[in-house]
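The structure appears below as structure tokens.
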Amino acid sequence: MKNRTLVLALALVVLGCEGTSTPAPEAAADAQAFLDSYTPTYQALDYTASKAEWRSNTHIVEGDTTAAYETRRASEARAAFTGSVENIERARALLAHREALTPLQQKQLDKILYVAANNPQTVPDVVKARIKLETELTEKLYGFDYRLDGASVSTNEIDRRLREENDPAARLKAWTASKEVGKVLKDGLARVRDLRNQTVQALGYDDFFAYQVSDYGMTSAEMMDLMRQINRELYPLYRELHTWARYELAARYGATEVPDLLPAHWLPNRWGQDWSALVTVEGADINQGLASWTAEDVVRQAEKFYVSLGFEALPESFYELSSLYPLPPDAGYKKNNHASAWHMDLDRDVRSLMSVEPNADWYETTHHELGHIYYYLAYSTPEVPLLLRRGANRAFHEAVGSLMGLAAMQKPFLGQVGLLPRDASADADVQALLREALNYVVFIPFSTGTMSSFEHDLYTENLPEDQFNRRWWDIVRQYQGIAPPAERGADYADAATKTHIIDDPGQYYDYALSNLLLFQLHDHIARQILRQDPHATNYFGSRAVGDFLRRILSPGATADWRALLRETTGEDLSARPMLAYFEPLMAYLKQQNEGRTYTLPPPEGS
Numbered sequence: 004m005k006n007r008t009l010v011l012a013l014a015l016v017v018l019g020c021e022g023t024s025t026p027a028p029e030a031a032a033d034a035q036a037f038l039d040s041y042t043p044t045y046q047a048l049d050y051t052a053s054k055a056e057w058r059s060n061t062h063i064v065e066g067d068t069t070a071a072y073e074t075r076r077a078s079e080a081r082a083a084f085t086g087s088v089e090n091i092e093r094a095r096a097l098l099a100h101r102e103a104l105t106p107l108q109q110k111q112l113d114k115i116l117y118v119a120a121n122n123p124q125t126v127p128d129v130v131k132a133r134i135k136l137e138t139e140l141t142e143k144l145y146g147f148d149y150r151l152d153g154a155s156v157s158t159n160e161i162d163r164r165l166r167e168e169n170d171p172a173a174r175l176k177a178w179t180a181s182k183e184v185g186k187v188l189k190d191g192l193a194r195v196r197d198l199r200n201q202t203v204q205a206l207g208y209d210d211f212f213a214y215q216v217s218d219y220g221m222t223s224a225e226m227m228d229l230m231r232q233i234n235r236e237l238y239p240l241y242r243e244l245h246t247w248a249r250y251e252l253a254a255r256y257g258a259t260e261v262p263d264l265l266p267a268h269w270l271p272n273r274w275g276q277d278w279s280a281l282v283t284v285e286g287a288d289i290n291q292g293l294a295s296w297t298a299e300d301v302v303r304q305a306e307k308f309y310v311s312l313g314f315e316a317l318p319e320s321f322y323e324l325s326s327l328y329p330l331p332p333d334a335g336y337k338k339n340n341h342a343s344a345w346h347m348d349l350d351r352d353v354r355s356l357m358s359v360e361p362n363a364d365w366y367e368t369t370h371h372e373l374g375h376i377y378y379y380l381a382y383s384t385p386e387v388p389l390l391l392r393r394g395a396n397r398a399f400h401e402a403v404g405s406l407m408g409l410a411a412m413q414k415p416f417l418g419q420v421g422l423l424p425r426d427a428s429a430d431a432d433v434q435a436l437l438r439e440a441l442n443y444v445v446f447i448p449f450s451t452g453t454m455s456s457f458e459h460d461l462y463t464e465n466l467p468e469d470q471f472n473r474r475w476w477d478i479v480r481q482y483q484g485i486a487p488p489a490e491r492g493a494d495y496a497d498a499a500t501k502t503h504i505i506d507d508p509g510q511y512y513d514y515a516l517s518n519l520l521l522f523q524l525h526d527h528i529a530r531q532i533l534r535q536d537p538h539a540t541n542y543f544g545s546r547a548v549g550d551f552l553r554r555i556l557s558p559g560a561t562a563d564w565r566a567l568l569r570e571t572t573g574e575d576l577s578a579r580p581m582l583a584y585f586e587p588l589m590a591y592l593k594q595q596n597e598g599r600t601y602t603l604p605p606p607e608g609s
């Protein structure tokens, strides 16, 4: 009877009779039958596509189109299945009896429709064109030949010069070189924007930005309101940091006048999103300790950190299949230069793509990326359906990675692993707080303002191609108080130099939310579990911390993210813990800035 009913329901749906569907008592059984059929096919196609994408990101050979072809073919096969009219209509028909389904069935069917909207086969030509163009843009982005003084340079080298070079002219050369890739990507960004919008509009979304935001259960307007609220709450602290940096860098680079806006090439990051390299904390520089480490030591130590909390050792396949270290100069190929974690088969095949070197930046980044890996492993269990093996929301994944990066940089832990003297002061000294604020607080206007506003305008407002660069720099000035070193014309697309614009689009607010979440989680761990000062914690060896983290990680996307946050920390999403963490810094900054002129534009909506 069940099979006959399912066949009849499917036949009626295909004929367009969506009002006639499976009787409610059998809906749960039919939904499970559909899910049991859909899931293994999806896993196999997704795994094939992930392996093709992995090769496209780790073995880029100029002029070789084989990897791009294989990636495009695998992505098209996955898209043809996930976006098929039959799967869309079956999921819709089953969800018509939502009240008769289990919560897990509802979530899985909702996820099927969400994934389908990214590549619906109701517009197959649009989906194919988008996949082809996205593959081409990824290769152009990561295969780009950056040139400095006539020679090829890596992005690691450009970043090193921006961190360490004291000659403004040399800094300007490095910064300018980092932006050349935008010109190559500009036209493609305009075309892929149109294709991304068209794919999701086929299933009723207003635009691609609205589609991505909907994964949080929010509208675009609600998300942008939240971004502006976060920016306003952190604005007083950022204004102090902005003022301090203007005067500090003007003196450092011998400027005759202090500029109202920070020249972009003065800053130690290509996009001005992290200024922490401006401050060296006496007795807290771990680069000297790392000088005796190998790149593999950095990765193995990060693994030990998680194992000490009660997590399993990484699968040996992680080390065999990942791409963890810089390519040798004579490799003959290039790879993606942006650190990332990959859940290849939504089960045990987990990998990371990095270029680890034994320095402080990669030490922190490695702990961050392994946070993603351990999140994958925590919810890859029989209790979590494969379709729900995701973070509680996308921001949770970034929050956990950043949390572990923060924890790994705190003095008591650094003393334990031998990167600082064991008797190093664990006080919340102002220079250490300043350095952290130049990372975490400075990131807020970039993530809530610059990136989120640009992508909103790109997709929701259909920003014209000839206005890409002007709009980008208008937003950068408004939110970050940064100006380009010289006029940047319409032939540039400086926004496109940020990799997420190309290969992780419409989601940068994830990082803003993750920053709030990370301080919320860290505050709870420090105060409620370890009973330690949040500025001087040592998670290492605490099974209680591990148990707390597993409560957050192991449900994957089976739990509502708001409820999970309340249940684990006792409060809703809030900027309070982040502001509390940096409260001791405010008095110092106001003292430093006494008599100085504040020039940061007021926050939007103030």
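According to our numbering, the sequence shown is numbered sequentially starting from 4. Built from N, CA and C at the ideal position, the CB exists for glycine as well.
Residues near residue i in its chain [Cβ-Cβ closer than 8 Å; skip 5 each side]
i	result
glycine 153	none
phenylalanine 551	His527, Ile528, Ile532, Thr571
tryptophan 345	Ser53, Trp57, Val353, Arg354, Ser355, Leu356
alanine 294	Pro361
Buried or exposed (CB count within 10 angstroms, at least 16 for buried), residue i
i	result
threonine 600	exposed
aspartate 352	buried
arginine 425	exposed
alanine 566	exposed
arginine 569	exposed
arginine 616	This structure leaves residue 616 out entirely; the chain is present only between 4 and 609.
serine 24	With a pLDDT of only 48 at serine 24, under the threshold of 50, the placement of this residue in the model should not be trusted, and no figure is reported.
glutamine 413	buried
asparagine 169	exposed
tryptophan 580	The residue asked about is misnamed: residue 580 is proline in this sequence, not tryptophan. Its Cβ being crowded by 16 or more others within 10 Å, proline 580 is buried.
asparagine 290	exposed
tyrosine 336	exposed
glutamine 111	buried
aspartate 575	exposed
arginine 81	buried
Neighbourhood of residue i by C-beta distance below 6 Å, restricted to the same chain and skipping five residues each side
i	result
leucine 516	Ala398
asparagine 343	It should be pointed out that residue 343 corresponds to serine in this sequence rather than to asparagine. Once the five neighbours on either side are set aside, the close Cβ partners of serine 343 are Leu356.
proline 604	Gln481
serine 181	Ile161, Arg273
Close-in-space but distant-in-sequence residues of the same chain around residue i (CB under 7 Å, 5 per side omitted)
i	result
leucine 466	Asp460, Arg474
glycine 404	His371, Glu372, Gly374, His375
valine 284	Gln434, Ala435, Arg438
glutamine 46	Asp348, Leu349, Leu389
tyrosine 50	Met347, Asp348
DSSP three-state assignment for residue i, whether helix, strand or coil
i	result
tryptophan 345	strand
arginine 337	Note that residue 337 corresponds to lysine in the displayed sequence, not to arginine. Strand.
isoleucine 485	strand
leucine 351	The identity of residue 351 in the sequence shown is arginine, whereas the question assumes leucine. It is coil, neither helix nor strand.
proline 266	strand
glycine 22	With a pLDDT of 40 at glycine 22, under the threshold of 50, the modelled position of this residue cannot be trusted, and the question is left open.
leucine 97	helix
leucine 356	strand
valine 130	helix
phenylalanine 399	helix
glutamine 413	coil
lysine 1	Residue 1 lies beyond the residue range present for the chain, which begins at 4 and ends at 609; the question has no answer from this structure.
arginine 569	helix
valine 184	helix
valine 387	coil
glutamate 167	helix
proline 448	helix
phenylalanine 543	coil
asparagine 159	helix
histidine 538	coil
glutamate 574	coil
serine 456	helix
arginine 194	helix
alanine 560	coil
threonine 259	coil
Opposing strand residues paired with residue i [DSSP bridges]
i	result
alanine 154	Leu151
Test: residue i CB closer than 8 Å to a CB of chain D
i	result
tyrosine 443	Among the chains in the structure shown there is no chain D, since it carries only a single protein chain.
Whole alpha helix (DSSP H) elements within the segment 33-88, 4-residue minimum
69-85
In chain order, each alpha helix (DSSP H) run of at least 4 residues that lies wholly inside the segment 488-523
502-506
Enumerated in chain order, which unbroken segments of the alpha helix (DSSP H) with a length of 4 residues or greater are wholly contained in the segment 282-338?
290-293, 298-311, 319-324
Counting only runs of 4+ residues fully inside the segment 206-235, write out the alpha helix (DSSP H) ranges in chain order.
211-216
Only counting runs of 3 or more residues, tell me where the beta strand (DSSP E) segments fall wholly within the segment 419-444, in order along the chain.
none
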